[in-house]
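Peer 1: Starting off with a structure, shown below.
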Amino acid sequence: MNGAKHRFALGLTCFFLIGITVVYPFLLYTPNAFVTRWREWYIETAMGTMTHQWLATWFIPEDIINEVMTKRYLMNQKQEGIVSNWDGTWEENEEDTAETPKDKFYAMFSELDESEFERFLADNPEYLENGYDEINIDLIGEPSQTHYDTGLKTKQGDTVLAVNAEHGILIVEQTGEDTLGMEYAGKIALCKKPENIFVGTSEGLGDYGSFVSDMVRDYDAILGINASGFADFDGNGTGGTVYGFLKSQGEKYQDAVGNGWKIIGFDNEDHLQVGAFNDTSSLRDAVEFHPALIINGENLVAGTGLNEQQPRTAIGQVDANHYVLVVADGQAKDGTVIMMVVDGRQMHSFGISIERCGEIMEQYGAYQASMLDGGSSSVMVYRGREITSPTTLSQNEEGRYLPDAFLVK
Numbered sequence: 000m001n002g003a004k005h006r007f008a009l010g011l012t013c014f015f016l017i018g019i020t021v022v023y024p025f026l027l028y029t030p031n032a033f034v035t036r037w038r039e040w041y042i043e044t045a046m047g048t049m050t051h052q053w054l055a056t057w058f059i060p061e062d063i064i065n066e067v068m069t070k071r072y073l074m075n076q077k078q079e080g081i082v083s084n085w086d087g088t089w090e091e092n093e094e095d096t097a098e099t100p101k102d103k104f105y106a107m108f109s110e111l112d113e114s115e116f117e118r119f120l121a122d123n124p125e126y127l128e129n130g131y132d133e134i135n136i137d138l139i140g141e142p143s144q145t146h147y148d149t150g151l152k153t154k155q156g157d158t159v160l161a162v163n164a165e166h167g168i169l170i171v172e173q174t175g176e177d178t179l180g181m182e183y184a185g186k187i188a189l190c191k192k193p194e195n196i197f198v199g200t201s202e203g204l205g206d207y208g209s210f211v212s213d214m215v216r217d218y219d220a221i222l223g224i225n226a227s228g229f230a231d232f233d234g235n236g237t238g239g240t241v242y243g244f245l246k247s248q249g250e251k252y253q254d255a256v257g258n259g260w261k262i263i264g265f266d267n268e269d270h271l272q273v274g275a276f277n278d279t280s281s282l283r284d285a286v287e288f289h290p291a292l293i294i295n296g297e298n299l300v301a302g303t304g305l306n307e308q309q310p311r312t313a314i315g316q317v318d319a320n321h322y323v324l325v326v327a328d329g330q331a332k333d334g335t336v337i338m339m340v341v342d343g344r345q346m347h348s349f350g351i352s353i354e355r356c357g358e359i360m361e362q363y364g365a366y367q368a369s370m371l372d373g374g375s376s377s378v379m380v381y382r383g384r385e386i387t388s389p390t391t392l393s394q395n396e397e398g399r400y401l402p403d404a405f406l407v408k
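In structure tokens form, the structure reads like this:
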């Protein structure tokens, strides 16, 4: 018996020594393309979090980490000093060509294929009982459910999960494969009434945070996504101390931190502004985060080669050359707002890279777009319930306590 134990211990020791002297150096220094991609993905993913960087720093030499993270430095350098500019792109449409409620519905939700949607309504007449301007479809299941088959898709090919004509909201599923063929899944909310989007704050701002679902309820909103990051001293933050600029419904709570971070929010003309602004008096609701994805139609993260997959939240707005919004007063104006939340660190979704976020925003016509806080903070709430799956150490389905959120009335 003792001989067997000794042989096992000897074998385990040999295995460990081989790993230390052969496998470990090979994984760190080999130029093999396959291993290099996985090594870079591992380093970028670990270093892209605030609480799990030790997964890289404990085992990987600093010079290798710095070499990989140079790509992030170059991306930030490219964004230095750039700000959004809507001049010449936001034009009022003087003639409203949508005459009937049906015409107005399809003008508002231009992402829908009309013939496909009409077939859906014919098969489900209950959704049309109160007319096109009262259509309210909600086919969203459990937060982690993926690969829906609702019979409806957008022109971009994404599955339609919800249509709310009264609030001007279209929610679609976003799935795909990102870095190294690993799957991601999340939701995109296309919000047609930018004048109804604002920043809501936690009840105990400055002291303690709130769940996004709480802020949705407190402000009587219909939809919400997380927005700012927050001070998390030694991992003990309560979510109430916002990090960066904060302005809610015209009231400024905190100045910008700068240093490459971008102010992200809506001005008094309902444009989404992104950049380092010296004068923030024209902003009605804004937070601060980074990096920007698209500024003035230019994708700033394309070709960066950043591979890390994380839970993500992003916001963007289309320009005059894409979608047209018909509002209640009959005047047409541009401004579809894209709110995206992608789950991560879970079996149904490993997360999504920043570069892929930029591609999706481009696909939906964003003229300005930026990342918001991600990781365990990422969550989307619709009609009082979480429709994405936050990843937290406590496995809390409501996510984390946060200082603020972008809300939709």
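Using numbering that gives the first Met the number 0, read the sequence shown as starting at 0 and increasing by one per residue.
Ideal Cβ positions, reconstructed from N, Cα and C, are used throughout, including at glycine.
From T158 to E110, what does the alpha carbon distance come to, in whole angstroms?
Peer 2: Counted from its first residue, the sequence shown places residue 158 at position 159. Counted from its first residue, the sequence shown places residue 110 at position 111. The alpha-carbon atoms of T158 and E110 are separated by roughly 11 angstroms.
Peer 1: With H, G and I counted as helix, E and B as strand and the rest as coil, what does DSSP make of N295?
Peer 2: What you label residue 295 is simply residue 296 of the sequence shown in a count that begins at 1. In this structure, N295 counts as coil in the three-state DSSP scheme.
Peer 1: Considering only C-alpha positions, which residue in the set F58, V300, Y131, M339 is nearest to V380?
Peer 2: Translated into the one-based positions of the sequence shown, residue 380 becomes position 381. When only C-alpha atoms are compared, the closest one is M339.
Peer 1: Might you give, ordered along the chain, the residues of its own chain that have their beta carbon closer than 7 angstroms to the beta carbon of E93, omitting 5 neighbours on each side?
Peer 2: To locate residue 93, count along the sequence shown from 1; it is residue 94. At E93 the pLDDT is 46, less than 50, meaning the model places this residue with poor confidence; the figure from the coordinates comes in the next sentence. Closer than 7 angstroms at Cβ, skipping near neighbours: no residue.
Peer 1: Just to confirm my understanding: we take M214, look at its own chain, exclude 5 residues before and 5 after, and list those with CB closer than 7 angstroms. What are they?
Peer 2: One-based indexing of the sequence shown puts residue 214 at position 215. Once the five neighbours on either side are set aside, the close Cβ partners of M214 are G199, S201, G223, A404, L406.
Peer 1: Would E307 pass as a contact of T69 if the rule is Cβ separation under 7 angstroms?
Peer 2: Counting from one through the sequence shown, the residue named residue 307 turns up at place 308. Counting from one through the sequence shown, the residue named residue 69 turns up at place 70. Cβ distance not < 7 angstroms, so E307 and T69 don't count as in contact.
Peer 1: If you measure between the beta carbons of D269 and G334, is that distance less than 7 angstroms?
Peer 2: Walking along the sequence shown from the start, residue 269 turns up at place 270. Walking along the sequence shown from the start, residue 334 turns up at place 335. Cβ distance < 7 angstroms, so D269 and G334 count as in contact.
Peer 1: Indicate whether I262 and A230 have their beta-carbon atoms separated by less than 7 angstroms.
Peer 2: Counting from one through the sequence shown, the residue named residue 262 turns up at place 263. Counting from one through the sequence shown, the residue named residue 230 turns up at place 231. No, the pair does not count as a contact, with Cβ atoms beyond the cut-off.
Peer 1: Quick check on this structure: which residue in L179, I196, P100 has the alpha carbon closest to the alpha carbon of N225?
Peer 2: Locating residue 225 in the sequence shown gives position 226, counting from the first residue. Closest option to N225, Cα to Cα, is I196.
Peer 1: Taking one C-beta from the region 238-250 and one from the region 284-301 each time, how about it: are there three or more such pairs within less than 8 angstroms?
Peer 2: Segments in contact, yes.
Peer 1: So what does DSSP say about M346, is it helix, strand or coil?
Peer 2: Within the sequence shown, residue 346 is the residue found at index 347, counting from 1. Three-state result, M346: coil.
Peer 1: Starting from the Cα of L73, find the closest Cα among P193, A121, E61, P290 and give me that residue.
Peer 2: For the purposes of this step, residue 73 is taken as residue 74 along the sequence shown, with counting starting at 1. Checked all of P193, A121, E61, P290; the closest Cα to L73 is P290.
Peer 1: Check Y105 in the structure and name its three-state DSSP category.
Peer 2: Taking the first residue of the sequence shown as position 1, residue 105 is located at position 106. Three-state result, Y105: helix.
Peer 1: Going by the DSSP bridge assignment, what does F265 pair with across the sheet?
Peer 2: Residue 265 sits at position 266 when you count from the first residue of the sequence shown. In DSSP, F265 forms a bridge with L271, D284.
Peer 1: Since S212 and L401 are thought to touch, with beta carbons under 8 angstroms apart, how far apart are those beta carbons, to the nearest angstrom?
Peer 2: What you label residue 212 is simply residue 213 of the sequence shown in a count that begins at 1. What you label residue 401 is simply residue 402 of the sequence shown in a count that begins at 1. The pair is not a contact, with the Cβ atoms about 11 angstroms apart (cut-off 8 angstroms).
Peer 1: Who are the near neighbours of S348 in its chain, counting only those whose CB is closer than 6 angstroms to its CB and skipping five residues on each side?
Peer 2: By one-based count along the sequence shown, residue 348 stands at place 349. Here the set comprises Y183, A184, D342.
Peer 1: Could you tell me which residues DSSP pairs with F405 in its beta bridges?
Peer 2: Against the sequence shown, residue 405 aligns to sequence position 406. V198, I224, per the DSSP bridge assignment.
Peer 1: Name the DSSP bridge partner or partners of L127?
Peer 2: By 1-based counting over the sequence shown, the position of residue 127 is 128. Looking at the DSSP assignment, L127 forms no beta bridge with any residue, so it has no partner.
Peer 1: Under 8 angstroms by Cβ, that's how I've got G350 and L292 pegged, so tell me the actual separation to the nearest angstrom.
Peer 2: Taking the sequence shown and counting its residues from 1, one reaches residue 350 at position 351. Taking the sequence shown and counting its residues from 1, one reaches residue 292 at position 293. At roughly 16 angstroms, the Cβ-Cβ gap does not stay under 8 angstroms, so G350 and L292 are not in contact.
Peer 1: I'd like the list of long-range same chain contacts for K101, defined as Cβ closer than 7 angstroms, with 5 residues on each side in sequence excluded.
Peer 2: For the purposes of this step, residue 101 is identified with residue 102 of the sequence shown, where counting begins at 1. Correct list, in chain order: Y131.
Peer 1: Are the CB atoms of G180 and Y207 nearer to each other than 7 angstroms?
Peer 2: Your numbering for residue 180 matches position 181 in the sequence shown. Your numbering for residue 207 matches position 208 in the sequence shown. Cβ atoms of G180 and Y207: not closer than 7 angstroms.
Peer 1: Do V378 and G364 come within 7 angstroms of each other at the CB atom, strictly closer than that value?
Peer 2: Here residue 364 is taken as the residue at index 365 of the sequence shown, counted from 1. Here residue 378 is taken as the residue at index 379 of the sequence shown, counted from 1. Contact flag unset, no.
Peer 1: What are the boundary residues of the alpha helix (DSSP H) that includes Q362?
Peer 2: Looking up residue 362 in the sequence shown gives position 363. Start and end: 353-362.
Peer 1: How far does the alpha helix (DSSP H) with S212 in it reach, from first residue to last?
Peer 2: Against the sequence shown, residue 212 aligns to sequence position 213. Residues 211-217.
Peer 1: Return the CA-CA distance between Y218 and I59, expressed in angstroms with no decimal places.
Peer 2: Mapped onto the sequence shown, residue 218 falls at position 219. Mapped onto the sequence shown, residue 59 falls at position 60. About 46 angstroms.
Peer 1: Answer yes or no: do I187 and V162 have a C-beta to C-beta separation smaller than 7 angstroms?
Peer 2: Your numbering for residue 187 matches position 188 in the sequence shown. Your numbering for residue 162 matches position 163 in the sequence shown. Result no, Cβ atoms of I187 and V162 do not sit closer than 7 angstroms.
Peer 1: On a CA-only basis, which of I136, R216, R355, C190 is nearest E176? Give me that one, please.
Peer 2: Position 177 of the sequence shown holds residue 176. Taking only the C-alpha atoms, the option nearest E176 is R355.
Peer 1: For the candidate residues A220, V171, N295, whose alpha-carbon lies nearest to that of T387?
Peer 2: Here residue 387 refers to the residue found at position 388 of the sequence shown. Comparing Cα positions, the closest option is V171.
Peer 1: Could you give the residue range of the alpha helix (DSSP H) that holds L120?
Peer 2: The residue given as residue 120 occupies position 121 in the sequence shown. It spans 113-122 - the alpha helix (DSSP H) in which L120 sits, taken as one unbroken run.
Peer 1: Can you find the residues in the same chain that come closer than 7 angstroms, C-beta to C-beta, to T149, ignoring five residues on each side of it along the sequence?
Peer 2: If you number the sequence shown from 1, residue 149 lands on position 150. Only L138, T158, V159, L160 meet the Cβ criterion.
Peer 1: What is the DSSP secondary structure of S388, reduced to helix, strand or coil?
Peer 2: Indexing the sequence shown from 1 puts residue 388 at position 389. Coil, per DSSP.
Peer 1: With which residues is Y247 paired in a DSSP beta bridge?
Peer 2: Against the sequence shown, residue 247 aligns to sequence position 248. Reading off the sequence shown, one finds Ser at residue 247, where the question assumed Tyr. Answer by DSSP bridge pairing, in chain order: E250.
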